[in-house]
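Residue numbers (my numbering): 110 to 192.
For glycine and all other residues, C-beta sits at the position ideal for the given N, C-alpha and C.
What follows is a set of notes on a single structure, which appears directly below.
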């Protein structure tokens, strides 16, 4: 997948820690079980970077972009469009 889609989503950072050293929750101020390794985040992924299945990312997305990333199709019910 692309690391950026204008108006939909953008990868803000890549977690570059080895899978065994990754914090389970990057938003937590202290990892579960006490202090642990600091998160290893690459805040400016290289231009044109293509995401790999094993990549863990911090992203910002619009509602439509998140739906696209989750593989959900757009709503077709006109009443639902008023959300």
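Sequence-distant residues of the same chain with beta carbon closer than 8 Å to residue i, five excluded per side
| i | result |
| --- | --- |
| residue 154 | 112, 120, 122 and 123 |
| residue 169 | 118, 119 and 121 |
| residue 175 | 118 |
Secondary structure of residue i, DSSP reduced to three states
| i | result |
| --- | --- |
| residue 175 | helix |
| residue 165 | strand |
| residue 181 | coil |
| residue 130 | helix |
| residue 122 | strand |
| residue 160 | coil |
| residue 117 | coil |
| residue 60 | In this structure the chain extends from 110 to 192, so residue 60 is not present and cannot be described. |
| residue 112 | coil |
| residue 170 | strand |
Residues near residue i in its chain [Cβ-Cβ closer than 7 Å; skip 5 each side]
| i | result |
| --- | --- |
| residue 177 | 117 |
| residue 165 | 124 and 131 |
CB-CB length for residue i against residue j, believed under 8 Å
| i | j | result |
| --- | --- | --- |
| residue 148 | residue 127 | Their Cβ separation, rounded to whole angstroms, is 12 Å, which puts residue 148 and residue 127 out of contact at 8 Å. |
Residue i versus residue j: straight-line alpha-carbon distance, rounded
| i | j | result |
| --- | --- | --- |
| residue 157 | residue 115 | 13 Å |
| residue 134 | residue 167 | 11 Å |
| residue 159 | residue 136 | 24 Å |
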